[in-house]
Amino acid sequence: MASRKRTGKLAFKASDLLFLLPGLLVYTIFLSYPALSSFYYSMTDWNGLSPELSFIGLDNFRRLWADDAFWRTLRNTLAFALGLVVFLNLIAFLAALALDGNGRIRKTLRVLFLIPTLLSGLSIGYMWSYMYSPIFGVINSALDAVGLGALKQDWLGDPKLALPSVIFAHMWQWTGFHMIIFLGALQSVSKELLEAAEIDGAGPWKRLLNVTVPQVRPAFTVSVILATIGGLKVFDTIMIMTQGGPGGATDSLSTLLYRMAFNFNDMGYASAIGLVMLAFIMLISYAQLRVLRAGGE
Amino acid sequence: MTAKGWIGGVRLVFLAIWSVVVLVPLWMLLSIAFKTPSEFLENPFGLPASIRLDNFVSSWTQASLGLALGNSLLVTAISLAALVLFGSAAAYALARGSSRIHRALYAYFLLGLMVPFQIAMIPLYKVFRTFELINKIPGGALAYVAVTIPFVVFLFFEFVRALPADLEEAASIDGCGRVRAFALIVFPLLKPVTATVVITNCISIWNDFMVPLLFLQKSSVRTIPIAIYSFTGEYNNQWPLIFAGVVISSLPMVIAFLLLQKQFIKGMVSGAVKG
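Protein chains in written order, with the numbering used here: chain A, 334 to 630; chain B, 49 to 323.
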């Protein structure tokens, strides 16, 4: 068989088509064609209902540029993604470090920490709307109960607090998932290297920074990129908890896009917002890959 | 204090705090779902006075959760079956050839990894109207298959690449057709990836809110998230009722996870790390 190694070109056979066709068709008709055509729609005034539309060039993008609501949602979205990336990775990595290894309690806690990830964004939205609620909410009641009533807040109603509150709820949902990404990586950290470092007199802190962290770097890359993309696309949590309010304080690109497209029938404008989102997702994931890879291998 | 003792202490404090943060909302969700409205107002924190299923019964009937559960099951099952079938077949053909066409088509699939659904969803709405797929269960499934197939092809491709081709080649020399060789020899070997694909996508499709919000709005085709969403609109702030619905909607995934922990965790890890 050695003579037929991958050096020769294995030609495209007719039977390949049979294997490929179903997947290719669904993917092309329902994802790549629509994604590509949104470039065209972003330059039209299509309202989503009428068969008629006219080509308006870059007008939608000029409108975006001048639209305060757009800049606000862009700021919110970037803040959401940044907040998520920092806190999600920090807590998830700490949890993974603390729960690495065997033992009943660690295993139980791992399972417990993963449960929020299995719930829908919708469920998380309702749970935390309740937690934050100024009248019935547990957070305020708990503050009252321990004599810290002065710290009570209208968590989702105060424009300053609403965005961090929503970020926290989203983070609560996904920490377990990112924790297991890190746990998977920690399992492959070489025990010999750790022991060798210990024999050489490296303390736990040094071992963490110089042995463990470099070896789990690929997991950080994955985790940071997933958190960023998740943050840039965030939809369910915000739709359920605040619908973008108060006063647009939690409006994200996704919720603005949805509202423009399906409440205001402004599909052309919404397509333009979608393209901005795509540009950010591509740009940021590319930059992160470059930065994180450059530091690693 | 020694460095080890100090670190152990920090670890314990961290775990204690985060356990409380994770547990309290889950506890509130569960306990409030069992409480009567007056009990909820008087005693939001404690145990419910008795295990009453009233809230579950009302939300089950008023949100037609039985129907929604069936719809969710159907959409998820159709999507997963199509993803596994189409994805593994396509990846197999792509991984076993090395012509320019193979490489170009693989690159074409990989491009889809970057496309967020939000970009495609507006024109997709028009495509769905053309094919009359709006408010049809297979329509929802097609949307999931299209968005997810790039990742599924990627996962299967890597795995097939690592499999030696000898077995299928021997079978084909013995006169076994390619489709049969794939179905009988290759596909069974793909089990670990198939499990990853099924587990990761099962969670995300079951829990998805956006596709049904756009394409499965009619009450007869509603999936669980939309059923709960429409239902809560009418029962604003009736937390016991809302939470009962949320508990019902979350139960299938949580039970499946508790039964199949190992597979779930393995599937999620390999799905994430390879992504």
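All C-beta atoms in this analysis are idealised placements derived from N, C-alpha and C, irrespective of residue type, glycine included.
Given the structure is predicted, the values throughout are model-derived calculations rather than measurements.
is_contact[LEU270 of chain B, chain A] using C-beta, thresh 8 angstroms: For the record, residue 270 of chain B in the displayed sequence is Arg; it is not Leu. Closer than 8 angstroms: no.
Helix, strand or coil at PHE388 of chain A according to DSSP, with G and I counted as helix: The answer is strand: DSSP assigns PHE388 of chain A an E or B state.
Residue-level contact to chain A via CB, ALA168 of chain B, 8 angstroms cutoff: yes
Residue burial classification, ILE424 of chain A (beta-carbon count within 10 angstroms, cutoff 16): It is buried - the Cβ of ILE424 of chain A has at least 16 other Cβ atoms within 10 Å.
Assumed close pair TYR140 of chain B, VAL269 of chain B - CB separation to whole angstroms, cut-off 8 angstroms: No, TYR140 of chain B and VAL269 of chain B are not in contact; Cβ-Cβ is about 33 angstroms, not under 8 angstroms.
Whether ALA594 of chain A touches ALA603 of chain A by CB criterion (8 angstroms): yes
TRP75 of chain B versus TRP54 of chain B - alpha carbon distance: 31 angstroms
Cut-off 7 angstroms between Cβ atoms - residues of its own chain near VAL259 of chain B, not counting five sequence neighbours on either side: GLY188, ALA191 and TYR192
Residues within the stretch 491 to 503 of chain A neighbouring chain B, beta-carbon criterion of under 8 angstroms: none
LYS338 of chain A at chain B interface by Cβ criterion, 8 angstroms: Here LYS338 of chain A scores only 48 on pLDDT, less than 50, and its place in the model should not be relied on; the value that follows carries that caveat. LYS338 of chain A does not count as touching chain B.
Residues that DSSP places opposite THR377 of chain A in a beta bridge: A:PHE388
Burial state of LEU382 of chain A, where buried means 16 or more other Cβ atoms lie within 10 Å: exposed
Alpha-carbon to alpha-carbon, ILE296 of chain B and ILE251 of chain B: 15 angstroms
Short-range partners of chain B found in the stretch 606 to 627 of chain A, where Cβ spacing is below 9 angstroms: ILE606, GLY607, LEU608, MET610, LEU611, ILE614, MET615 and SER618
Buried or exposed (CB count within 10 angstroms, at least 16 for buried), ASP102 of chain B: With a threshold of 16 other beta carbon atoms within 10 Å, ASP102 of chain B falls short and is exposed.
Ranges of the alpha helix (DSSP H) found wholly within the stretch 441 to 519 of chain A, counting only runs of at least 4: 454 to 465 and 471 to 478
Of the listed residues B:ARG177, B:LYS239, B:ARG148 and B:GLN265, nearest to LYS346 of chain A (C-alpha basis): Here the closest residue by C-alpha is B:ARG148.
Cβ contact (3+ pairs, closer than 8 angstroms) linking the stretch 157 to 171 of chain B and the stretch 358 to 369 of chain A: Segment contact: the stretch 157 to 171 of chain B against the stretch 358 to 369 of chain A, three or more CB-CB distances shorter than 8 angstroms; contact assigned.
The stretch 78 to 98 of chain B in contact with the stretch 154 to 162 of chain B per 3-pair CB rule at 8 angstroms: no
Chain-order list of residues whose beta-carbon lies under 8 angstroms from that of MET334 of chain A (same chain, five-residue window excluded): Confidence in MET334 of chain A is poor, its pLDDT being 40 and thus under 50, which makes the residue's placement too unreliable to answer from.
For VAL418 of chain A, the nearest candidate out of A:ASN435, A:THR545, A:GLY601 and A:ILE562 (CA to CA): A:ILE562
Residue-level contact to chain B via CB, MET464 of chain A, 8 angstroms cutoff: yes
Nearest neighbour of SER267 of chain B, chosen from B:PRO96, B:ASP222, B:ASN119 and B:PHE82 [CA to CA]: B:ASN119
Continuous alpha helix (DSSP H) stretch holding TYR140 of chain B: start and end: 113 to 144
Residue ranges of each alpha helix (DSSP H) within the stretch 571 to 595 of chain A, 4 or longer: 586 to 591
Neighbourhood of ALA612 of chain A by C-beta, 6 angstroms cutoff - its chain only, sequence neighbours within 5 removed: none
Where ALA429 of chain A falls: helix, strand or coil (DSSP): helix
Neighbour-count burial assignment, LYS539 of chain A, 16 or more Cβ in a 10 Å radius: exposed
DSSP three-state assignment for PRO92 of chain B, whether helix, strand or coil: coil
Segment limits, alpha helix (DSSP H) that includes ILE272 of chain B: 272 to 282
Interface residues of chain A facing THR280 of chain B [CB-CB closer than 8 angstroms]: TYR459
Contact under 8 angstroms by Cβ, PHE165 of chain B with VAL195 of chain B: Result yes, Cβ atoms of PHE165 of chain B and VAL195 of chain B sit closer than 8 angstroms.
Alpha helix (DSSP H) segment containing ILE224 of chain B, residue limits: A small correction: the amino acid at residue 224 of chain B is Cys; Ile does not occupy that position in the sequence shown. Here CYS224 of chain B belongs to no alpha helix (DSSP H), and DSSP marks it neither H nor E.
Contact set between TRP505 of chain A and chain C, taken where Cβ atoms lie within less than 8 angstroms: No chain C is present in this structure, whose protein chains are A and B.
Pairwise C-alpha distance: ILE558 of chain A and SER618 of chain A: 6 angstroms
Length of the line joining the Cα atoms of PHE388 of chain A and VAL132 of chain B: 40 angstroms
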